[in-house]
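Colleague: In the working numbering, the protein residues as written are 7 to 663. Beta carbons: idealized from backbone N, C-alpha and C, even for Gly. All values derive from a computational prediction rather than experimental measurement. Below are the structure tokens for one structure; questions will follow.
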Amino acid sequence: MAKETNNTNPKKPRFSSYWIYGIILLFIIGMQLFSGGSGWSTPPEITPAKMERYLAEGDITKIEIITNTKSAKIYLTEEALKKDIHKNAQGQTLLPSASQVPSYTVKFGDAQNFENSINAALESNSMQDTVEVRFDQESNMLGELLLTLLPFILIIGIWIFLMRRMSGGATGGAGGQIFNIGKSKARLFDEKTDMKVTFKDVAGLEGAKEEVQEIVDFLKNPEKYTSLGGKIPKGALLVGPPGTGKTLLAKAVAGEAKVPFFSLSGSDFVEMFVGVGASRVRDLFKQAKDKSPAIIFIDEIDAIGRARGKNNFTGSNDERENTLNQLLTEMDGFGTNTNVIVLAATNRADILDKALMRAGRFDRQIYVDLPDVRERKEIFDVHLRPIKTSESLDLDFLAKQTPGFSGADIANVCNEAALIAARKGKSAVDKQDFLDAVDRIVGGLEKKNKIITPDEKKTIAYHEAGHATVSWLLEHAAPLVKVTIVPRGQSLGAAWYLPEERLIVRPEQMADEMCATMGGRAAEKVMFDKISTGALSDLEKVTKQARAMVTIYGLNDQIGNLTYYDSTGQSDYNFSKPYSEETAKIIDKEISRIIEEQYLRAIKLLEENKDKLTTLADRLLEKEVIFKDDLERIFGKRPFEKKDDSEKKEEELQEKE
Ligand code: ADP
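If you want it as structure tokens, here you go:
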């Protein structure tokens, strides 16, 4: 039999709130039992007439009239108790001092009448002196006790209920949550838990994988590194856009490192109560230290690690700062932890507190970027493993069709494609399903029943053809992937490009891009001499771009080499502009000039190529979706076509051979 070994402390009975209930119940029963005569079983009841008869016979020694319960207790004399007719009376054999116990009870309707009849009976038998008649009130111990305790029970009950709600879902036995609120909520993965993700499941991300692997290595044989006097890093921060595989990478670390791995999210620290976050951090590190070497993974660390504000207007949210301070001291304070490495993930490294980022805490920052073509192919490879695909599937093609997609998007494409194929009743997923899935994820659901008049459709076709034509004819505009006029989600049509991955951008490249963006509206103007609202998102894009050229990148002659950008993000520009009214005027004028220039340029280009634009628009109207090949057929090969990286690499390889 397998033994339960992970329980280090011997089995102690756990404290639970049910004990409290139990104790209260016992107490009440005890009170009931020992609260005097009323606790014994009630004596048999007799009628008032019978009572009078017994009275006449001289059997009764005492009558106790209890006014509030409208009953009387009859006490018999000791001789009478021995009589046969009283063999049912209480106290017959049980007690030696039977006269201490009432033998009968009598119920009456009205106390006054009852008393009168007793008095009359006593008088007629002249027994006034031998029979004692008393009046009394009886208190109901149980009822009164309940009444006094009820409010307390209610208050305690509500309090327990609320506490449970607040500590929502914390692990631990029933009722244990109140006492566990300051405990960390981290999930522990160790040799015993089955963690299936390994580095094999993480495609691409070579650099990041290497760094993380090194961390695993540090923990596995620390001596190798410390023997030369080096110190093991305390933490690594995984930074990158959402869906790029940061959490996945951490999961892989958990799967590969054969050390305990604590995983939790930044928001797990923060609770309604003050001081809980800090105590949870302390508890987390204490647990990790106990099991060291160990890894702690904090997902979405920005929830607690946001820069501590200078201007805390409201005075609230101190709790988060306390939590962060505790984290800072745990990571690098006195009492430094040995062999506990903290991994954290965020997509907002820019808002993290500087103190958190400094060397000695998160010594390493690992950038996890959006995948390039080659990496996308690898990610497709990973996610296609469980999917039944048709033989002809070309991964390179898929990778090229998905520029700007993150790992999570690609995982979604694969899943969506499988669903689409299943809906169509296919036995394997083919290329078309993947393309449909990509379309769906980029543009949203196809709106087949959206009502578009033929006129509108024509406008949309020319608009998209305009984009395609201009971008085809300009050197620096992004090469086109496909154009569609199928309405999806919010958009009526779309032209997709494969943006070059540029690290620095020149003004002429920006100008070409803006010109291509204005190509849609320009085409409408050239063909119909009318413009429409369809260009809203284009206008938004160029306006932002032009504003950035002027106010951020210093690419405008009139404004010159200055920027109004503040990388610290702590500027007070929200309320006041950093430039004068005059400069504001120049900025506005320049933005408008830049956009107008590109618009006119697009018009000129399209007028020169009106015939090709028309052919393209007609083809678009006919087929609804057209690809790069169709454009090549109309325009001829694009003169400035650059080879992409993978092609270049292949060529290099061939040259070497
Ligand atoms: P985040 O960076 O936001 O933490 P996740 O790690 O949660 O993103 O990634 C979400 C999903 O995307 C993963 O579960 C995985 O299926 C997929 N994914 C992301 N990047 C990769 C990758 N490099 N290789 C394989 N799958 C990936």
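Is valine 388 near the ligand ADP, judged by its Cβ being under 7 Å from some heavy atom?
Modeller: By 1-based counting over the sequence shown, the position of residue 388 is 382. Checking the Cβ of valine 388 against the ligand ADP gives yes.
Colleague: Mind checking whether arginine 644 and tryptophan 478 have CB atoms under 8 Å apart?
Modeller: Position 638 of the sequence shown, counted from the start, is the residue given in the question as residue 644. Position 472 of the sequence shown, counted from the start, is the residue given in the question as residue 478. For arginine 644 and tryptophan 478, yes; Cβs fall inside 8 Å.
Colleague: Over the uninterrupted beta strand (DSSP E) stretch that includes serine 573, give me the two end residues.
Modeller: On the sequence shown, residue 573 is found 567 positions in, with the first residue counted as 1. Unbroken run through serine 573: none, as it is neither H nor E.
Colleague: Would you tell me roughly how many angstroms separate the C-alpha atoms of threonine 194 and cysteine 420, rounded to the nearest one?
Modeller: Counting from one through the sequence shown, the residue named residue 194 turns up at place 188. Counting from one through the sequence shown, the residue named residue 420 turns up at place 414. Residue 194 is actually leucine in this sequence, not threonine. Going by the C-alpha atoms only, they are around 31 Å apart.
Colleague: Cα separation between proline 299 and tyrosine 231?
Modeller: Residue 299 sits at position 293 when you count from the first residue of the sequence shown. Residue 231 sits at position 225 when you count from the first residue of the sequence shown. Near 14 Å, if we compare the C-alpha coordinates of tyrosine 231 and proline 299.
Colleague: Excluding five sequence neighbours on each side, which residues of the same chain lie with their C-beta closer than 8 Å to the C-beta of threonine 395?
Modeller: Along the sequence shown, one-based indexing puts residue 395 at 389. Cβ neighbours of threonine 395 beyond the five flanking positions: Ala434, Val435, Asp436.
Colleague: CB of glycine 249 to nearest heavy atom of the ligand ADP: below 7 Å?
Modeller: One-based indexing of the sequence shown puts residue 249 at position 243. Result yes, Cβ under 7 Å from the ligand ADP.
Colleague: Three-state secondary structure (DSSP) at phenylalanine 120?
Modeller: Along the sequence shown, one-based indexing puts residue 120 at 114. The answer is helix: DSSP assigns phenylalanine 120 an H, G or I state.
Colleague: Consider the Cβ of lysine 230: report whether some Cβ of chain B lies at a distance smaller than 8 Å.
Modeller: In the displayed structure, chain B is absent; only one protein chain is listed.
Colleague: Would you list the residues sitting across from phenylalanine 303 in a DSSP beta bridge?
Modeller: As a first step, residue 303 must be located in the sequence shown, where it is residue number 297. Ser269, Leu349.
Colleague: How far does the beta strand (DSSP E) with alanine 443 in it reach, from first residue to last?
Modeller: The count along the sequence shown starts at 1 and reaches residue 443 at position 437. Note, alanine 443: premise wrong, no beta strand (DSSP E); alpha helix (DSSP H) at 437-449.
Colleague: Are the beta-carbon atoms belonging to isoleucine 302 and valine 276 less than 8 Å from one another?
Modeller: By one-based count along the sequence shown, residue 302 stands at place 296. By one-based count along the sequence shown, residue 276 stands at place 270. For isoleucine 302 and valine 276, no; Cβs fall outside 8 Å.
Colleague: List, from N- to C-terminal side, the alpha helix (DSSP H) runs of 4 residues or more that fit wholly inside the region 550-634.
Modeller: Segments of the alpha helix (DSSP H) lying fully in the region 550-634: 587-614, 616-629.
Colleague: Phenylalanine 141 lies in the beta strand (DSSP E); which residues open and close that run?
Modeller: Here residue 141 refers to the residue found at position 135 when the sequence shown is read from its first residue. Phenylalanine 141 -> beta strand (DSSP E) spans 138-142.
Colleague: Specify the secondary structure class of serine 145 as computed by DSSP and reduced to three states.
Modeller: Here residue 145 refers to the residue found at position 139 of the sequence shown. Three-state result, serine 145: coil.
Colleague: Does threonine 539 come out as helix, strand or coil in the three-state DSSP assignment?
Modeller: Position 533 of the sequence shown, counted from the start, is the residue given in the question as residue 539. Here threonine 539 sits in helix by DSSP.
Colleague: Report the residue from Ile162, Gly499, Gly642, Ile537 whose alpha carbon sits nearest the alpha carbon of isoleucine 1.
Modeller: The structure shown does not extend to residue 1, since the chain is modelled only from 7 through 663, so no value can be given for it.
Colleague: Pick helix, strand or coil for leucine 168, following the three-state DSSP scheme.
Modeller: As a first step, residue 168 is located in the sequence shown; it is residue number 162 there, counting from the start. Leucine 168 falls in the helix class under three-state DSSP.
Colleague: Who are the near neighbours of lysine 456 in its chain, counting only those whose CB is closer than 6 Å to its CB and skipping five residues on each side?
Modeller: By one-based count along the sequence shown, residue 456 stands at place 450. Excluding sequence neighbours, lysine 456 sits near Pro493.
Colleague: From the DSSP secondary-structure annotation, give me the bridge partner or partners of asparagine 429.
Modeller: Residue 429 sits at position 423 when you count from the first residue of the sequence shown. The sequence as given places arginine at residue 429; asparagine does not occur at that position. Per DSSP, none; premise fails for arginine 429.
Colleague: Please confirm if the region 581-591 is in contact with the region 530-547, defined as three or more CB-CB distances below 8 Å between the two stretches.
Modeller: With the cut-off at 8 Å, the region 581-591 and the region 530-547 do not touch.
Colleague: Run the proximity test for leucine 1: is its beta-carbon closer than 7 Å to any non-hydrogen atom belonging to the ligand ADP?
Modeller: Lying outside 7 to 663, the shown extent of the chain, residue 1 is not represented and no answer is given.
Colleague: Compute the Euclidean distance between the alpha carbons of serine 497 and leucine 376, then round it to the nearest angstrom.
Modeller: Walking along the sequence shown from the start, residue 497 turns up at place 491. Walking along the sequence shown from the start, residue 376 turns up at place 370. Approximately 25 Å, taken between the alpha carbons.
Colleague: Which residue from Pro50, Ala313, Lys295 puts its Cα closest to that of tyrosine 110?
Modeller: Against the sequence shown, residue 110 aligns to sequence position 104. Of the listed residues, the one whose Cα sits closest to tyrosine 110 is Pro50.
Colleague: Quick one: what's got a C-beta closer than 6 Å to isoleucine 565's C-beta in the same chain, skipping five residues either side?
Modeller: For this step, residue 565 is matched to residue 559 along the sequence shown. Here the set comprises Val556.
Colleague: Check the C-beta distance from glycine 525 over to threonine 475 and give it rounded, since I have them as a contact under 8 Å.
Modeller: In the sequence shown, residue 525 corresponds to position 519, counting from 1. In the sequence shown, residue 475 corresponds to position 469, counting from 1. Yes, glycine 525 and threonine 475 are in contact; Cβ-Cβ is about 6 Å, under 8 Å.
Colleague: Between alanine 350 and leucine 244, is the Cβ-Cβ spacing less than 8 Å?
Modeller: Mapped onto the sequence shown, residue 350 falls at position 344. Mapped onto the sequence shown, residue 244 falls at position 238. Against a cut-off of 8 Å, the Cβ pair of leucine 244 and alanine 350 comes out as a contact.
Colleague: Using 10 angstroms around the beta-carbon of alanine 104, count the other beta-carbons present and answer buried if the total reaches 16, otherwise exposed.
Modeller: Looking up residue 104 in the sequence shown gives position 98. Confidence is the limiting factor: at alanine 104 the pLDDT is only 48, short of 50, which leaves the residue's position unreliable, though a coordinate-based value still follows. Buried.
Colleague: Can you name the start and end residues of the alpha helix (DSSP H) that lysine 531 belongs to?
Modeller: Working through the sequence shown from its first residue, we reach residue 531 at position 525. First-last of the alpha helix (DSSP H) with lysine 531: 513-534.
Colleague: Which residues bound the alpha helix (DSSP H) around leucine 498?
Modeller: Against the sequence shown, residue 498 aligns to sequence position 492. Neither: leucine 498 is in no alpha helix (DSSP H) and is coded neither H nor E.
Colleague: What did DSSP end up calling threonine 177 once you bin it into helix, strand or coil?
Modeller: As a working mapping, residue 177 is identified with position 171 in the sequence shown. With a pLDDT of only 44 at threonine 177, under 50, the local geometry of the prediction cannot be trusted, and the value read off the model is given with reservation. Reduced to three states, the DSSP call for threonine 177 is coil.
Colleague: Evaluate the contact criterion for the region 420-432 versus the region 389-404: three or more CB pairs, one atom per stretch, below 8 Å.
Modeller: Counting Cβ pairs under 8 Å, three or more are found: they touch.
Colleague: Taking only the alpha-carbon atoms, compute the straight-line gap between isoleucine 372 and phenylalanine 205 and give it to the nearest angstrom.
Modeller: Here residue 372 corresponds to residue number 366 of the sequence shown, with the count starting at 1. Here residue 205 corresponds to residue number 199 of the sequence shown, with the count starting at 1. Distance between the alpha carbons of isoleucine 372 and phenylalanine 205: 16 Å.
Colleague: Between the C-alpha atoms of phenylalanine 114 and aspartate 142, what's the straight-line distance to the nearest angstrom?
Modeller: Working through the sequence shown from its first residue, we reach residue 114 at position 108. Working through the sequence shown from its first residue, we reach residue 142 at position 136. The alpha-carbon atoms of phenylalanine 114 and aspartate 142 are separated by roughly 15 Å.
Colleague: Assign threonine 250 to one of three DSSP states: helix, strand, or coil.
Modeller: Mapped onto the sequence shown, residue 250 falls at position 244. If DSSP states are grouped into helix, strand and coil, threonine 250 belongs with coil.
Colleague: DSSP three-state label for arginine 59, please.
Modeller: Locating residue 59 in the sequence shown gives position 53, counting from the first residue. Looking at arginine 59 - three-state DSSP - the assignment turns out to be helix.
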